[in-house]
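*Asks:* Structure provided below as structure tokens; questions to follow.
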Amino acid sequence: MQSEEARHNMIECQIRPWNVVSDDVLTLLQQIPREFFVPSDYKELSFADIEVPLGHGESMMAPKIEAHVLQSLDIHPGERVLEVGTGSGYLTACLAWLSGDVTSIEQHADLADSAAEKLAALDFEAKIITGDAFDLDEIEIFDIIVVTGSLPQRTDFFEQHLADDGRLFQVVGKGSSATAELVTAVGDNSFKRKALLETALKPLTNAPEVSEFSF
């Protein structure tokens, strides 16, 4: 099956049935070659409804979860995006397609290097940083923050780096009890939270078990 047809089938069979209706999101899912970012050992699973392993205990999100992330954030051109956990670089490419201004942090150097190489090959511009988001002393304010691993409990660590009207996607909780939520900064250090769906993601590496952080 040709990749274009496989992407179309993924959208029609997995994405649309999960109430993803954004034209921008559906277009980029059709246009960006997901298979290009999938490790060679798993190419045949590029469009399957699974989390594709990446090594280091990390994995790509299932396509329908990636689609929900993108739709829920309602990203506009020029908005500054921070992605915590680059992984394969596929979601990074999707974020870059929508905003054009993406910074992505990846703890594992080999994943960061591979993602940067693949993004460059497709002419996507994104700043890839090798490191741990929780160790960075200075993180600028962003309009959009995407945390690609689950957090054991809710924390204000990432919320404090949201611009006014900024949006944060994160998954809070452990195992089957984890919930994806959209957090919106509404000003005066206040935030609105919306539960999106129940989903289990791999835990974010080095996510603290406490709810208070200091810089």
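With the first letter of the sequence shown counted as 1, position 122 gets the number 327 in my numbering; the numbers rise by one all the way through.
We put the CB at the ideal spot given by N, CA and C, even for glycine.
Every value quoted in this text rests on a predicted model; they were computed, and no experiment measured them.
According to DSSP, what are the bridge partners of Phe347?
*Replies:* Leu367
*Asks:* If the criterion is Cβ atoms closer than 8 Å, does the pair Gly354 and Lys407 meet it?
*Replies:* yes
*Asks:* What's the C-alpha gap between Lys297 and Glu210?
*Replies:* Checking the displayed sequence, the identity of residue 297 turns out to be Thr instead of Lys. Thr297 and Glu210: Cα-Cα distance of roughly 23 Å.
*Asks:* When DSSP labels each residue in this structure, what does Gly260 get in the three-state scheme?
*Replies:* strand
*Asks:* Exposed or buried, what is Ser245 when buried is set at 16 or more other beta-carbons lying within 10 Å of its beta-carbon?
*Replies:* exposed
*Asks:* Going by other Cβ atoms of all chains shown within 10 Å of its Cβ, with 16 needed for buried, is Glu263 buried or exposed?
*Replies:* buried
*Asks:* Under 8 Å by Cβ, that's how I've got Thr389 and Lys397 pegged, so tell me the actual separation to the nearest angstrom.
*Replies:* 5 Å
*Asks:* Which residue comes first and which comes last in the alpha helix (DSSP H) that contains Thr384?
*Replies:* Membership of Thr384 in any alpha helix (DSSP H) is not indicated; the residue belongs instead to the beta strand (DSSP E) covering Thr384 to Gly392.
*Asks:* Quick check on the DSSP output: the beta strand (DSSP E) that includes Arg398 runs from which residue to which?
*Replies:* Ser395 to Glu403
*Asks:* Exposed or buried, which one is Ser416 when buried takes at least 16 other CB atoms within 10 Å?
*Replies:* Residue placement at Ser416 is flagged as unreliable, the pLDDT there being 48, under the threshold of 50; a coordinate-derived value is accordingly withheld.
*Asks:* Closest to Asp340 by CA distance: which of Ala320, Gly294 and Ala412 is it?
*Replies:* Across the set Ala320, Gly294 and Ala412, the C-alpha of Ala412 shows the shortest separation from the C-alpha of Asp340.
*Asks:* Short of 6 Å in beta carbon distance, which residues of its chain neighbour Ile280, apart from the five on each side in sequence? Order them along the chain.
*Replies:* Leu303, Ser304 and Ile349
*Asks:* Pick helix, strand or coil for Pro222, following the three-state DSSP scheme.
*Replies:* helix
*Asks:* Relative to the alpha-carbon of Leu300, which residue among Ser227, Gly392, Phe329 and Leu316 has its alpha-carbon at the smallest distance?
*Replies:* Phe329
*Asks:* Who are the near neighbours of Leu259 in its chain, counting only those whose CB is closer than 8 Å to its CB and skipping five residues on each side?
*Replies:* Pro244, Met265, Gly292, Ser293 and Leu316
*Asks:* Relative to the alpha-carbon of Lys379, which residue among Glu284, Glu403 and Pro222 has its alpha-carbon at the smallest distance?
*Replies:* Ranking the options by Cα distance to Lys379, first place goes to Glu403.
*Asks:* Alpha carbon to alpha carbon, how far is Ile220 from Arg372? Give it in angstroms, no decimals.
*Replies:* 22 Å
*Asks:* DSSP state of Lys269, grouped into three classes?
*Replies:* helix
*Asks:* Could you tell me which whole alpha helix (DSSP H) segments of length 4 or greater appear in the region 223-256?
*Replies:* 228-236 and 239-242
*Asks:* Name the two residues that bound the continuous alpha helix (DSSP H) containing Ser304.
*Replies:* Segment Tyr295 to Ser304, the alpha helix (DSSP H) holding Ser304.
*Asks:* Our contact map puts Ala314 next to Ile333 with C-beta atoms below 8 Å; I'd like the distance itself, whole angstroms only.
*Replies:* Ala314 to Ile333, Cβ: 10 Å. No contact.
*Asks:* Should Val230 and Phe374 be called a contact, given that it needs their Cβ atoms to be closer than 8 Å?
*Replies:* no
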